[in-house]
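Residue numbers (this note's numbering): 4 to 153.
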Amino acid sequence: MSTTVASPATGAAVPMADVPDPVFAQSMVGPGVAVEPEGGEQDALAPIAGTVVTLHPHAFVIAGEDGKGVLVHLGIDTVKQQGEGFTLHVVKGETVRAGQPLIGWNPETVRAAGYSAVVPVVALDAQAGSLSGLPTGGPVVAGEQLFVWD
């Protein structure tokens with residue numbers, strides 16, 4: 004069964020290999036694509052429908068009914084901000100719909116703090132060849148298809 008994974012943010016697609024963090028760049032937790040988000044106050048959206056199984060101010064994992072998990076990480080090393088500048092709209096264990104706002108944040112604030120605001124979107128424990136339609140660049144829109152996971 005295929006799962007359509009939507010972009011959590013509007014911006015430009017970035018190949019995972021270009022993310023400035025080796026865990027993501029080397030796809031250690033799984034393959035995917037990153038989004039360099041536009042600036043300004045915005046909400047990170049749920050990439051799939053499912054249950055919030057992990058929730059931090061700067062990152063979350065949604066598990067779909069089929070067991071597939073998608074990790075979204077808002078910026079790199081943003082855990083060091085200790086939640087500052089991030090507003091949670093959901094709680095762990097909550098069932099969410101694709102496109103639902105999960106975390107409010109401002110990529111400009113992240114950049115001003117000296118961190119990359121790039122947003123890795125990872126298909127957890129997926130095989131590299133199981134993703135299709137991965138954009139290698141160009142614009143992406145929050146809530147619209149980012150890639151398909153077979």
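All C-beta atoms in this analysis are idealised placements derived from N, C-alpha and C, irrespective of residue type, glycine included. All figures in this text were calculated on a predicted structure; none of them were measured in a lab.
task = Please report how far the alpha carbon of residue 98 lies from the alpha carbon of residue 37, in whole angstroms.
result = Translated into the one-based positions of the sequence shown, residue 98 becomes position 95. Translated into the one-based positions of the sequence shown, residue 37 becomes position 34. Going from the Cα of residue 98 to the Cα of residue 37 covers about 24 Å.
query = Mind checking whether residue 107 and residue 46 have CB atoms under 7 Å apart?
reply = Start at 1 with the first residue of the sequence shown, and residue 107 comes out as number 104. Start at 1 with the first residue of the sequence shown, and residue 46 comes out as number 43. The answer is yes: Cβ separation under 7 Å.
ask   = Which residues does DSSP pair with residue 40 in a beta bridge?
value = Locating residue 40 in the sequence shown gives position 37, where the first residue counts as 1. DSSP, once it has assigned bridges, lists 14 as partnering residue 40.
task = Output the distance between the C-alpha atoms of residue 112 and residue 124, rounded to the nearest integer angstrom.
result = Residue mapping note: residue 112 aligns to position 109 of the sequence shown, counting from 1. Residue mapping note: residue 124 aligns to position 121 of the sequence shown, counting from 1. Distance between the alpha carbons of residue 112 and residue 124: 20 Å.
ask   = Run through DSSP, which three-state label would residue 148 get?
value = What you label residue 148 is simply residue 145 of the sequence shown in a count that begins at 1. Strand, per DSSP.
Residue 26 - containing alpha helix (DSSP H), residue span = For the purposes of this step, residue 26 is taken as the residue at position 23 of the sequence shown. 25–28 is the extent of the alpha helix (DSSP H) around residue 26.
key: Exposure of residue 126, with buried meaning 16 or more beta-carbon neighbours within 10 Å   = As a first step, residue 126 must be located in the sequence shown, where it is residue number 123. A buried status is given to residue 126, since no fewer than 16 other beta-carbon atoms sit within 10 Å of its beta-carbon.
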